[in-house]
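Using this note's numbering, the letters of the first sequence correspond one by one to residues 58 to 235. Where a beta carbon is used, it is the ideal one built from N, C-alpha and C, also for glycine. As the structure is a computational prediction, the values presented were derived from the model and not from experiment.
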Amino acid sequence: MIIKQAFFNHSAIKVAQDLLGCFLIRKIGRKIIKTKIVETEAYDGPRDLASHASRGRTNRNAVMFGPAGYIYVYFTYGLHFMLNIVTGKPGYPAAVLIRAVEPFNGPARLTKGLAIKKNFNRLPIFTKKHGLWLEPKAEPIKPNNIIRAKRIGVDYAGAYKNKLWRFYLKDSKFISKK
DNA sequence: ACGATGATGAAC
DNA sequence: TTCATCATCGTA
Numbered sequence: 058m059i060i061k062q063a064f065f066n067h068s069a070i071k072v073a074q075d076l077l078g079c080f081l082i083r084k085i086g087r088k089i090i091k092t093k094i095v096e097t098e099a100y101d102g103p104r105d106l107a108s109h110a111s112r113g114r115t116n117r118n119a120v121m122f123g124p125a126g127y128i129y130v131y132f133t134y135g136l137h138f139m140l141n142i143v144t145g146k147p148g149y150p151a152a153v154l155i156r157a158v159e160p161f162n163g164p165a166r167l168t169k170g171l172a173i174k175k176n177f178n179r180l181p182i183f184t185k186k187h188g189l190w191l192e193p194k195a196e197p198i199k200p201n202n203i204i205r206a207k208r209i210g211v212d213y214a215g216a217y218k219n220k221l222w223r224f225y226l227k228d229s230k231f232i233s234k235k
């Protein structure tokens with residue numbers, strides 16, 4: 058069972074919540090690493106000042122402007138990779154940042170732990186072909202187990218810094234930041 | 001061609 | 001709070 062492209066064809070805010078509890082699977086050679094998503098953030102639209110897309114389309118962020126279900130990986134702070142999934146309609150830039158999975162807390166640690174580098178940028182997540190895909194959650198998440206909060210590290214984003222577009226599972230021990 | 005700047009994490 | 005450390009982008 059794999060999560061298909063249509064799953065991502067909604068707003069980033071919805072998809073970010075839908076992804077909580079889903080499984081992120083990485084296959085390297087014969088080895089399979091199965092992780093559970095416990096924390097996400099939504100970056101929604103061209104006006105979201107926290108989003109890379111707010112400064113318009115560039116070569117780096119181009120994948121955010123394309124169809125849903127594709128992977129956006131970028132490099133930051135000179136040493137970290139961040140994993141995002143594009144959502145919504147082509148032409149409308151939006152993505153969900155995977156911030157933490159069990160057993161890796163923090164967006165940089167999960168990419169390191171799963172050996173995700175820039176070579177995944179622009180690849181589809183809705184196929185097993187590239188060794189990285191998603192599987193549905195075992196059971197529905199109760200709404201009161203989802204915490205809504207402000208996004209991390211976006212203090213420069215004006216009115217958008219206060220948007221409650223970060224979501225995490227209340228009972229997880231792998232959240233990147235309280 | 002150059003300089004500013006991070007969707008971070010770890011150490012101090 | 002500082003630092004490690006560099007691709008990307010705006011400006012020129």
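- Counting only residues of its own chain and dropping the five nearest sequence neighbours on each side, valine 211 has a CB closer than 6 Å to the CB of Ala107, Lys218.
- A distance of 8 Å or more separates the beta carbons of tyrosine 129 and asparagine 116.
- Sequence-distant Cβ neighbours of glutamine 74 in its own chain, meaning closer than 7 Å and more than five residues away, are Ile203, Phe224.
- For leucine 191, the enclosing beta strand (DSSP E) stretches over residues 189-192.
- Residue environment analysis places glutamate 196 among the exposed positions, since fewer than 16 neighbouring C-beta atoms fall within 10 angstroms of its C-beta.
- Sorting Ile209, Ser233, Trp190 by C-alpha distance to the C-alpha of phenylalanine 80 places Trp190 at the top.
- CA-to-CA, the gap between tyrosine 131 and lysine 175 works out to about 6 Å.
- When the alpha-carbon of leucine 221 is set against those of Ile94, Met58, Asp105, Thr92, the nearest one is in Asp105.
- For tyrosine 217, the secondary structure class from DSSP, reduced to helix, strand or coil, is helix.
- Here leucine 76 is not near isoleucine 198, since their CB atoms are 8 Å or more apart.
- Here leucine 167 is near isoleucine 155, since their CB atoms are less than 8 Å apart.
- In the structure shown, the three-state DSSP call for lysine 174 is coil.
- Glycine 113 counts as exposed, since fewer than 16 other C-beta atoms from the protein chains shown sit within 10 angstroms of its C-beta.
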